[in-house]
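What follows is a set of notes on a single structure, which appears directly below.
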Amino acid sequence: MGSAWDEYNQRRAEEGKKIRDPLHDYVKLGPAAVAALDTPPLQRLRHMKQLGCASAVYPSAEHSRFTHSLGVAHLAAQMVAHLRETQPELELSPGDMDVVELAGLTHDSGHGPYSHVFESEVLPKLGIKW
Numbered sequence: 001m002g003s004a005w006d007e008y009n010q011r012r013a014e015e016g017k018k019i020r021d022p023l024h025d026y027v028k029l030g031p032a033a034v035a036a037l038d039t040p041p042l043q044r045l046r047h048m049k050q051l052g053c054a055s056a057v058y059p060s061a062e063h064s065r066f067t068h069s070l071g072v073a074h075l076a077a078q079m080v081a082h083l084r085e086t087q088p089e090l091e092l093s094p095g096d097m098d099v100v101e102l103a104g105l106t107h108d109s110g111h112g113p114y115s116h117v118f119e120s121e122v123l124p125k126l127g128i129k130w
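Right, dumping it as structure tokens:
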């Protein structure tokens with residue numbers, strides 16, 4: 001038998017989760033996204049700036065890749081919900097929504113240090129075509 005904490009996390013994963021967001025008010029994630037949310041590859045995005053050094057010029061540009069990814073997951077799920085409603089002939093399933101939401105949530109999880117600056121400036125100098 002699991003602990004009360006394990007049972008809570010299991011129930012939360014089965015039901016989804018609402019997260020307060022300054023741009024979208026609330027972001028509701030489905031169970032698959034909740035399961036992915038607490039993994040190290042996604043949690044590391046909390047410590048990566050979405051806009052790199054732009055905050056040196058725009059002081060309020062302080063959001064992380066984590067918060068950006070939450071918003072992308074939210075918008076991706078809204079897009080699929082809209083398509084399901086307006087184009088039923090597509091026969092999009094709840095599983096399709098899960099996959100698109102997960103794609104939005106995880107799209108930045110592979111970014112390394114300095115992200116696009118690294119890709120455009122460092123990789124070519126190493127002879128790596130991107």
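Just so you know, the sequence shown maps onto residues 1 to 130 in the UniProt record's numbering. For glycine and all other residues, C-beta sits at the position ideal for the given N, C-alpha and C. Keep in mind the model is a prediction, meaning the values are calculated, not measured.
In its own chain, which residues sit with a C-beta less than 7 Å from the C-beta of residue 20, not counting the 5 before and 5 after it?
Taking the first residue of the sequence shown as 1, we reach residue 20 at position 20. 26, listed in sequence order.
Using the three-state DSSP reduction, which class does residue 17 fall into: helix, strand or coil?
What you label residue 17 is simply residue 17 of the sequence shown in a count that begins at 1. Looking at residue 17 - three-state DSSP - the assignment turns out to be strand.
Alpha carbon of residue 95 to alpha carbon of residue 81, nearest angstrom
Position 95 of the sequence shown, counted from the first residue, corresponds to residue 95. Position 81 of the sequence shown, counted from the first residue, corresponds to residue 81. For residue 95 and residue 81, the gap between their C-alpha atoms comes out near 12 Å.
Every unbroken alpha helix (DSSP H) inside the stretch 37 to 82 [4 residues or more]
40 to 43
When you compare the CB positions of residue 76 and residue 104, do they come within less than 8 Å of one another, or not?
Taking the sequence shown and counting its residues from 1, the one referred to as residue 76 is at position 76. Taking the sequence shown and counting its residues from 1, the one referred to as residue 104 is at position 104. Yes, they are a contact pair.
With which residues is residue 29 paired in a DSSP beta bridge?
By one-based count along the sequence shown, residue 29 stands at place 29. Residue pairing by DSSP places residue 29 opposite 17 in a beta bridge.
Assigned exposure category for residue 38 - 16 Cβ within 10 Å defines buried
Sequence index remark: in the sequence shown, residue 38 carries index 38 (1-based). When all chains shown are included, residue 38 counts as exposed.
Between the Cα of residue 35 and the Cα atoms of 90, 120, 7 and 14, which residue gives the shortest distance?
Working through the sequence shown from its first residue, we reach residue 35 at position 35. Selected option, being the one with the closest Cα: 14.
Taking its Cβ as the centre, do 16 or more other Cβ atoms sit within 10 Å of residue 50, making it buried, or is it exposed?
On the sequence shown, residue 50 is found 50 positions in, with the first residue counted as 1. Flag for residue 50 reads buried.
Cα-Cα, which of 109, 54 and 90 is closest to residue 72?
As a position in the sequence shown, residue 72 is number 72, starting the count at 1. Nearest C-alpha to residue 72: 109.
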